[in-house]
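Visitor: Sequences listed follow chains E and H, in order.
Residue numbers for the first sequence, in our numbering: 1 to 228.
Residue numbers for the second sequence, in our numbering: 1001 to 1228.
Note that CB positions come from ideal geometry on N, CA and C, so glycine has one too.
Protein chains: 2
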Amino acid sequence: MLFKDFQKKYSLSKDQILLEIFEDNQDVIQVKKAKTALKNLDLIFQATLKLSNQSGFQAMTLRQLSAESGIGLGTLYASIENKEYLASMIINYVVRSLHILFAASEEEYQTPKEQLIWIMKAHIYLTEELQPWFFFAFSEARHFEEIGKAAAKKGEIYTEKMIADCLERGMEDGSFRERDPLMTASLIKPLLQDWYVKRWKYQHRNVSVESYVAHVTDLVCAYLCPGE
Amino acid sequence: MLFKDFQKKYSLSKDQILLEIFEDNQDVIQVKKAKTALKNLDLIFQATLKLSNQSGFQAMTLRQLSAESGIGLGTLYASIENKEYLASMIINYVVRSLHILFAASEEEYQTPKEQLIWIMKAHIYLTEELQPWFFFAFSEARHFEEIGKAAAKKGEIYTEKMIADCLERGMEDGSFRERDPLMTASLIKPLLQDWYVKRWKYQHRNVSVESYVAHVTDLVCAYLCPGE
DNA sequence: GTCTATAGTGCGATAGAC
DNA sequence: GTCTATCGCACTATAGAC
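1) Tell me which residues share the same chain as E:Ile117 and place their Cβ nearer than 7 Å to its Cβ, disregarding the 5 neighbours each side in the sequence.
2) So what's E:His53 in DSSP terms, helix, strand or just coil?
3) For a minimum of 4 consecutive residues, which ranges assigned as the alpha helix (DSSP H) are wholly contained in the segment 108-144 of chain E?
4) Can you list, in chain order, the stretches of the alpha helix (DSSP H) that have 4 or more residues and sit fully within the segment 48-96 of chain E?
5) On the CB-based measure, 16 or more other CB atoms within 10 Å of its CB, does E:Leu41 come out buried or exposed?
6) Between the segment 1127-1136 of chain H and the segment 1174-1185 of chain H, do three or more beta carbon pairs fall short of 8 Å?
7) Tell me whether H:Tyr1205 sits in a helix, a strand or coil according to DSSP, three-state version.
8) Does E:Arg169 come out as helix, strand or coil in the three-state DSSP assignment?
9) Taking 8 Å as the cut-off, decide whether the C-beta atoms of H:Ile1163 and H:Asn1092 are in contact.
10) Per DSSP, what kind of secondary structure is H:Lys1035 in: helix, strand or coil?
11) Check whether the Cβ atoms of E:Val197 and E:Met120 sit closer than 8 Å, and answer yes or no.
12) Where do the N-terminal and C-terminal ends of the alpha helix (DSSP H) with H:Met1183 fall, by residue?
13) Taking E:Leu224 as the reference, which of E:Glu168, E:Leu192, E:Glu160, E:Ser13 has the closest Cα?
14) Taking the Cβ atom as the reference point for each residue, do H:His1123 and H:Thr1159 lie within a distance shorter than 8 Å?
15) Alpha carbon to alpha carbon, how far is E:Leu191 from H:Lys1050? Give it in angstroms, no decimals.
16) In chain order, what residues of the same chain lie with their CB nearer than 6 Å to the CB of H:Gly1170, ignoring the 5 residues before and after it?
17) Candidates H:Ser1139, H:Ser1055, H:Gln1016, H:Gln1064: which alpha carbon is nearest E:Glu145's?
18) Would E:Met183 count as contacting chain H if we go by Cβ distances under 8 Å?
19) Answer yes or no: do E:Leu140 and E:Ala87 have a C-beta to C-beta separation smaller than 8 Å?
20) Contact criterion: CB-CB distance below 8 Å. Does E:Val216 meet it with respect to chain H?
21) With burial defined as no fewer than 16 other Cβ atoms inside 10 Å of the residue's Cβ, what is the status of H:Trp1200: buried or exposed?
22) Let me know the secondary structure DSSP gives E:Gln16 once reduced to three states.
23) Which of helix, strand or coil does DSSP assign to H:Asp1027?
24) With DSSP collapsed to three states, give me the class of H:Gly1155.
25) In whole angstroms, what is the alpha-carbon distance linking H:Val1209 and H:Thr1127?
26) Would you say H:Ser1175 reaches chain E, if we count a Cβ-Cβ gap shorter than 8 Å as a contact?
27) Would you call the segment 9-21 of chain E and the segment 32-46 of chain E in contact, with 3 or more CB pairs under 8 Å?
28) Just verifying my parser: in three-state terms, what is the DSSP assignment at H:Tyr1212?
29) Under 8 Å between beta-carbons, which chain H residues line up against E:Gln58? List them in chain order, please.
30) Tell me whether H:Glu1160 sits in a helix, a strand or coil according to DSSP, three-state version.
31) If you draw a straight line from the C-alpha of H:Arg1205 to the C-alpha of E:Ala78, how long is it?
32) Using the C-alpha atoms, what's the distance from E:Val28 back to H:Leu1011?
33) Could you give the DSSP three-state label for E:Cys243: helix, strand or coil?
34) At 7 Å on the CB atoms, spell out the chain E contacts of H:His1143, in chain order.
35) Taking CB distances under 8 Å as the criterion, tell me whether E:Asp194 reaches chain H.
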């Protein structure tokens, strides 16, 4: 599956996640009409990602955010409760997108090898689609006590566990060579993450998503698949 | 070479780097006596790494730093010029340590395969020894305009280039299979970095440095070396 | 729902006694 | 070389007009 096809297939989920976040937080968000709240949240999130990916979330002031999003300071507070809560909503968005993607695509799994390749491809494609979101979560999560650190670790462990389970199945039925499943999953993870963490590097070198997926797949298969 | 032996062999370099940093910045550091300046810098750096690795450099206040390091606020400014300059000195420390290590160990290279394995091992061992320093540089560098972003990219490109050169030599003489050298180097880099970026995870699982090196080496060799 | 004006807080940085 | 006391500023958050 090419990235273009992936985009088409999962294009609806962006609004869906936004709606879920709004519904989850109706108690703290003072803006009650869904349509205006969603419009505001969208503007605020985009502006937050832009500003904080320039020089960090801590350094971003709510005055800057107000100017960038075109939303007054008071309305800002009516939409996000406070600065930290804004960050937690964005991190939540990322975790949700991972769950939605992998919950929706279980039926695509077939052999362990096909499954592993799909997990890696889907992960990289998703982070390509939501690069600023994932980068934000990766770099800012650890700065927030409960909400962030816990959510980030949960996300880290979630995909790692999924990969490790897949590896174990493959080793049982002989598709993969005998390796330490958890350790191997731990090494695959940073390969997937590098795509959105060092996006500037790959963009600068004109590396396409598809090409990146191909290289990661080759590397992992050389390690796992007998006779490759 | 085990990590213990590595530590012994390179144990002197810590003070050496500190001295170099002091000499480089004598124009901005108001404390002139080398002995007191070095003692102060050491206290300040350690406290900075501790505090900023808890909740980020931006969030760390100079009052906290003063309390943690036991150095008065005025003396702090006499030693570091200002907050941003402090960060740049730490990032400099990291870049320097990489250069010193690899400049000192060129003679250890033999075949391309041995050389590649040495680069990976040395990189992981160095970042184990200086974990808080590397973690600081990795997570804070991008927040600083010139000094940080440039130095971080320089560091990223430096090791990547070294690996890529080594790969090219190995492909020419047939030690390695034909792969894209730059792309392969780009994929090796995050494997090396994960050791200090996700230290909490590996520590929690009691993974030793030596064992981590072994797994990374296996993965990379499976991809590169014919018949493995 | 949205804005502007402002209260209250805590910062980086400095001056000046020791 | 070191500390304490303090300045000026920019921030988050809120109150109240529209």
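Guide: To lay it out plainly:
1) Thr217
2) Here the sequence assigns Asn to residue 53 of chain E, which means His is not the residue at that position. It is helical.
3) 112-129, 131-140
4) Taking 4 residues as the minimum length, the alpha helix (DSSP H) runs contained wholly in the segment 48-96 of chain E are 62-69, 73-80, in order along the chain.
5) buried
6) Three or more beta-carbon pairs separated by less than 8 Å are not found between the segment 1127-1136 of chain H and the segment 1174-1185 of chain H, which leaves the two stretches without contact.
7) The identity of residue 1205 of chain H in the sequence shown is Arg, whereas the question assumes Tyr. H:Arg1205: coil per DSSP, three-state reduction.
8) helix
9) no
10) helix
11) no
12) Per DSSP, H:Met1183 belongs to the alpha helix (DSSP H) from 1181-1197.
13) For the residues E:Glu168, E:Leu192, E:Glu160, E:Ser13, the minimum Cα distance to E:Leu224 belongs to E:Glu168.
14) yes
15) Take the alpha-carbon of H:Lys1050 and the one of E:Leu191: they are about 28 Å apart.
16) Pro1112, Phe1176
17) H:Ser1055
18) Yes, contact with chain H.
19) Checking the sequence, you will find Glu at residue 140 of chain E rather than Leu. Yes, Cβ-Cβ distance for E:Glu140 and E:Ala87 is below 8 Å.
20) Yes, E:Val216 counts as interfacial toward chain H.
21) exposed
22) helix
23) Coil at H:Asp1027, not helix or strand.
24) helix
25) 10 Å
26) no
27) yes
28) H:Tyr1212: helix per DSSP, three-state reduction.
29) Gly1056, Gln1058, Ala1059
30) Residue state for H:Glu1160 is assigned as helix, using DSSP reduced to three classes.
31) 43 Å
32) The sequence as given places Ser at residue 1011 of chain H; Leu does not occur at that position. C-alpha separation (whole angstroms): 54 Å.
33) Residue 243 of chain E lies beyond the range of chain E shown here (1 to 228); nothing can be said about it.
34) Ser55, Gly56, Ala59
35) True, the Cβ-Cβ gap to chain H drops below 8 Å.
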